[in-house]
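Below: the structure, in structure tokens.
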Amino acid sequence: MTLRAFLLGLTLVTLVCAGAPYAIWFLGTSEITWSFFPIGVGFPFLCLLFANLLARRMAPHRALTPPELFTIVVMGLVATGIPIFMSGFLLAIPTTPYYLASSENRWAELLIPHLPVWLLPDNGEGAMKWFFEGLPAGVPVPFGALLRAWVGPLFWWLSFVWTLYFVCFCLVVVLRKQWIERERLAFPLMAVPQALVNDRTDENKSLFSRPLFYVGAAIPLCIALWNITGFFLTELTRIAWDYPIPVATGFPPINVRLYFPVIGFMYFANVDVAFSIWFFYILTMIEEGIFNRFGMGVTTTDAFVWGLPSTSWQCWGAFITMVVWSLWMARDHLRDVVRKAWSSSHPVDDSKELVSYRTATVGFAVGVVFMMGWLIQAGLPALPAAVLLAGILIAYLGITRVVIQTGVYYVTTPIVAQATTLVTLGTGPITTPGLAAMGLTYSFFGDVQSIFMPAAAHASRLHDAMHTSRRGLTTAIAAAVVVGFVAAIGCILTLGYIYGASNFRSWFFQM
45 MTLRAFLLGL TLVTLVCAGA PYAIWFLGTS EITWSFFPIG VGFPFLCLLF ANLLARRMAP
105 HRALTPPELF TIVVMGLVAT GIPIFMSGFL LAIPTTPYYL ASSENRWAEL LIPHLPVWLL
165 PDNGEGAMKW FFEGLPAGVP VPFGALLRAW VGPLFWWLSF VWTLYFVCFC LVVVLRKQWI
225 ERERLAFPLM AVPQALVNDR TDENKSLFSR PLFYVGAAIP LCIALWNITG FFLTELTRIA
285 WDYPIPVATG FPPINVRLYF PVIGFMYFAN VDVAFSIWFF YILTMIEEGI FNRFGMGVTT
345 TDAFVWGLPS TSWQCWGAFI TMVVWSLWMA RDHLRDVVRK AWSSSHPVDD SKELVSYRTA
405 TVGFAVGVVF MMGWLIQAGL PALPAAVLLA GILIAYLGIT RVVIQTGVYY VTTPIVAQAT
465 TLVTLGTGPI TTPGLAAMGL TYSFFGDVQS IFMPAAAHAS RLHDAMHTSR RGLTTAIAAA
525 VVVGFVAAIG CILTLGYIYG ASNFRSWFFQ M
């Protein structure tokens, strides 16, 4: 890893993590970080590629090399889940108990005594009131009060989140060889940057030298330009992207969306896998319609169950089965990993991994122990904490597996781990403080989108393909995580104390 690639990557991370909250919640733009290869990374990366093409023609010795370009895009992908779906919830949920407590809801009597105060920013000096409503005009920023309110809770929240990121990173290291060398998963989302980043000496073989490439790129760009123009000139008819197809009464419509990035990514996916995605989607829609027509259904739901509860729970069972079965298929490899971690003389080669198998296995074990201790200290009993943590790791593993095998652009879990814990154990074993603590865990595991683990898996894939420095790439990933959280949290807090978080264009802060 070179210094310029590292600095360019950190610049991209800062732009994504500080720019996304401002663009989405303040300006009201589209969700630029909402996918596993979002426009917030894809567009700057494409601009960088064109700039690098000019550099290769005008000053070849100054052009970025493919490993440098891959390092930059990996750092950007690592940061995509930080500003909205992680930092957003991390600042929204723990701040509401004190701010929204009133004599009507009796939270001060019924809820707050059961919450771990070390995880809640204090409102004693008005810090939460000012965060949601903005500082009054002419009032100087009370830095002392803000530091006293935020530093302690943010330290403990980030200690858990960063440990969770590290555990996911260790899992990726452990499973990389199984995914890439044994199962030969396609990683379709990484096929596009690999096709664009071309180090061939023959420029005529580059995608950028082919007229057909520009014809294909012009189609979605022209449609987007037409719709943008039509926003200002209302006499122009908008070209629709969505085409919902009604089926029958009680049956959900089949939503067909013309989304060109997905078309491009799915070109690199396995045909059988691509077929199975829409086939089982149609099958699920039919099942959901039958349940609706006959009045059948499971009523237990959750704030983040996006479909009919009956089919969502069914899909969650299939999801768990998929994860368990994939780990069972990897049992021989996992056995080798444990043996290598136990004895460095074991013949299994881990030189291609981002860290050694010993570091990954020990790091995974220590991380899980720390997270268990953190959850127990927050108020969850040991058994519910174990079930919750297992559900979180299963969800992350499953989503990562789906993304790297199918190239699915958007995907989330059918059921979240909190609902699984409640339905599996009931409320009795969880206890009242445990239920309160479980509510706070939605801060880091609720709307499970744009998560870190698929980005780490893509980094391992590019490391395998480009033979980058494993120490350099690992350092770049760690730096992207730290800088990303600092930029995102700093931006959200600044916007909150200037304009008021309750004025953001987001339901996160309008509960």
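Here the sequence shown is numbered in our numbering, starting from 45 and rising by one per residue.
C-beta: ideal position from N, C-alpha, C; glycine also.
If I measure Cβ to Cβ from residue i and keep anything under 6 Å in the same chain, skipping five residues before and after, which residues do I get?
{"i": "Trp223", "result": "Leu229"}
{"i": "Thr58", "result": "Ala531"}
{"i": "Asn514", "result": "A quick correction: the sequence has Arg, not Asn, at residue 514. Closer than 6 Å at the Cβ level, and outside the excluded window around Arg514, lie Leu398."}
{"i": "Phe89", "result": "Val117"}
Take residue i as the anchor and find which of the options has the nearest alpha-carbon.
{"i": "Phe199", "options": "Ile542, Asn547, Ile533 and Ser550", "result": "Ile533"}
{"i": "Val431", "options": "Thr109, Val460 and Thr73", "result": "Val460"}
{"i": "Thr77", "options": "Ile521, Tyr453 and Gly490", "result": "Tyr453"}
{"i": "Ala481", "options": "Pro141, Ile128 and Val85", "result": "Pro141"}
{"i": "Met510", "options": "Thr538, Lys396, Ala404 and Pro264", "result": "Lys396"}
{"i": "Phe553", "options": "Trp162, Asn167, Leu144 and Pro88", "result": "Leu144"}
{"i": "Phe304", "options": "Ser356, Cys266 and Val455", "result": "Cys266"}
{"i": "Ala49", "options": "Glu169, Ile542, Leu537 and Ala524", "result": "Ala524"}
{"i": "Gly361", "options": "Ala463, Phe312, Asn336 and Phe252", "result": "Ala463"}
{"i": "Leu219", "options": "Tyr401, Glu112 and Met102", "result": "Tyr401"}
{"i": "Phe338", "options": "Phe295, Val349, Ala426 and Pro425", "result": "Phe295"}
{"i": "Thr355", "options": "Phe335, Trp372, Leu371 and Ile283", "result": "Phe335"}
{"i": "Leu466", "options": "Leu427, Ala439, Leu441 and Val492", "result": "Leu427"}
{"i": "Ile364", "options": "Asn167, Phe312 and Thr457", "result": "Thr457"}
{"i": "Arg556", "options": "Leu154, Arg254, Val236 and Ala95", "result": "Residue 556 is absent from the structure shown; the chain starts at 45 and stops at 555."}
{"i": "Pro160", "options": "Phe187, Leu191, Trp201 and Leu190", "result": "Trp201"}
{"i": "Ala409", "options": "Gly274, Gly188, Cys214 and Phe529", "result": "Cys214"}
{"i": "Ala171", "options": "Val446, Thr519, Trp350 and Leu191", "result": "Leu191"}
{"i": "Glu225", "options": "Ile521, Leu71 and His377", "result": "His377"}
{"i": "Ile307", "options": "Ala347, Val291 and Pro264", "result": "Pro264"}
{"i": "Pro297", "options": "Leu93, Tyr325, Ala103 and Pro180", "result": "Tyr325"}
{"i": "Tyr287", "options": "Val300, Phe276, His507 and Thr278", "result": "Val300"}
{"i": "Ala503", "options": "Ala99, Val217, Leu51 and Leu135", "result": "Val217"}
{"i": "Leu539", "options": "Glu153, Val185 and Thr109", "result": "Val185"}
Here's a check: name, in chain order, each residue in its chain whose Cβ is nearer than 8 Å to the Cβ of residue i, leaving out the five neighbours to either side.
{"i": "Ala499", "result": "Phe80, Val118, Leu121, Val122, Thr124 and Gly125"}
{"i": "Ala67", "result": "Thr73 and Ile76"}
{"i": "Met415", "result": "Phe204, Thr207, Leu208, Val211 and Leu433"}
{"i": "Trp151", "result": "Pro141, Leu144 and Ala145"}
{"i": "Ser494", "result": "Thr77, Trp78, Ser79, Phe80, Pro82, Thr124, Gly125, Ile128 and Phe129"}
{"i": "Phe162", "result": "Note that residue 162 corresponds to Trp in the displayed sequence, not to Phe. Within the same chain, Trp162 has close Cβ partners Gly196, Pro197 and Trp200."}
Measure the beta-carbon distance from residue i to residue j and round it to whole angstroms, keeping in mind my assumption that it falls under 8 Å.
{"i": "Thr450", "j": "Phe114", "result": "So it is not a contact: roughly 22 Å between Cβ atoms."}
{"i": "Ala429", "j": "Leu437", "result": "That belief does not hold up - the Cβ atoms of Ala429 and Leu437 are roughly 13 Å apart, past 8 Å."}
{"i": "Gly423", "j": "Gly470", "result": "That pair is no contact at about 17 Å."}
{"i": "Pro197", "j": "Pro165", "result": "5 Å"}
{"i": "Gly132", "j": "Ile536", "result": "7 Å"}
{"i": "Trp285", "j": "Leu302", "result": "5 Å"}
{"i": "Thr46", "j": "Glu112", "result": "6 Å"}
{"i": "Leu441", "j": "Val349", "result": "So it is not a contact: roughly 20 Å between Cβ atoms."}
{"i": "Leu240", "j": "Leu251", "result": "6 Å"}
The alpha helix (DSSP H) spanning residue i covers which residue range?
{"i": "Asp346", "result": "Run containing Asp346: none; DSSP gives neither H nor E here."}
{"i": "Lys221", "result": "Phe187 to Lys221"}
{"i": "Arg515", "result": "Arg514 to Tyr543"}
{"i": "Tyr311", "result": "Taken as a continuous stretch (DSSP letters only), Tyr311 belongs to no alpha helix (DSSP H), as it is neither H nor E."}
{"i": "Arg445", "result": "Ala426 to Thr450"}
{"i": "Ile420", "result": "Tyr401 to Ala422"}
{"i": "Ile272", "result": "Pro255 to Phe276"}
{"i": "Leu135", "result": "Ser131 to Ala136"}
{"i": "Phe94", "result": "Ile83 to Met102"}
{"i": "Pro65", "result": "Leu47 to Pro65"}
{"i": "Arg282", "result": "That residue, Arg282, is in no alpha helix (DSSP H); it is neither H nor E in DSSP."}
{"i": "Thr139", "result": "Looking at the DSSP string, Thr139 is not in any alpha helix (DSSP H), and its letter there is neither H nor E."}
{"i": "Asp376", "result": "Arg375 to Trp386"}
Quick check on the DSSP output: the beta strand (DSSP E) that includes residue i runs from which residue to which?
{"i": "Val300", "result": "Ile298 to Arg301"}
{"i": "Tyr325", "result": "Element bounds for Tyr325: not the beta strand (DSSP E) but the alpha helix (DSSP H), Val315 to Phe338."}
{"i": "Pro288", "result": "Asp286 to Ile289"}
Beta-carbon within less than 7 Å of residue i's beta-carbon, same chain only, minus the 5 sequence neighbours each way: which residues are those?
{"i": "Ile137", "result": "Leu484, Tyr486 and Ser487"}
{"i": "Val527", "result": "Leu54, Val57 and Thr58"}
{"i": "Asp246", "result": "Low confidence applies to Asp246: its pLDDT is 49, below 50, so where it sits in the model is not reliable, and the reading given next is rough at best. Nothing meets the Cβ criterion."}
{"i": "Asn314", "result": "Ala230"}
{"i": "Thr444", "result": "Met497, Pro498 and Ala501"}
{"i": "Val583", "result": "For residue 583 there is no data in the structure shown, the boundaries of the chain being 45 and 555."}
{"i": "Ala64", "result": "Ile76, Thr77, Gly84, Pro127 and Ile128"}
{"i": "Phe489", "result": "Ile436, Val460 and Ala461"}
{"i": "Val60", "result": "Thr77, Gly84, Val85, Gly120, Ala123, Thr124 and Pro127"}
{"i": "Ile283", "result": "Ile267, Trp270 and Asn271"}
{"i": "Ala439", "result": "Thr457, Ala461 and Val492"}
Taking 8 Å as the CB-CB cut-off, is residue i touching chain C?
{"i": "Pro297", "result": "As a matter of chain content, chain C is missing from the structure shown, which is built from one protein chain."}
Sufficient close CB pairs (3 or more, under 8 Å) joining the segment 323-337 to the segment 467-478: no
Any 3 or more C-beta pairs closer than 8 Å across the segment 532-550 and the segment 160-178: yes
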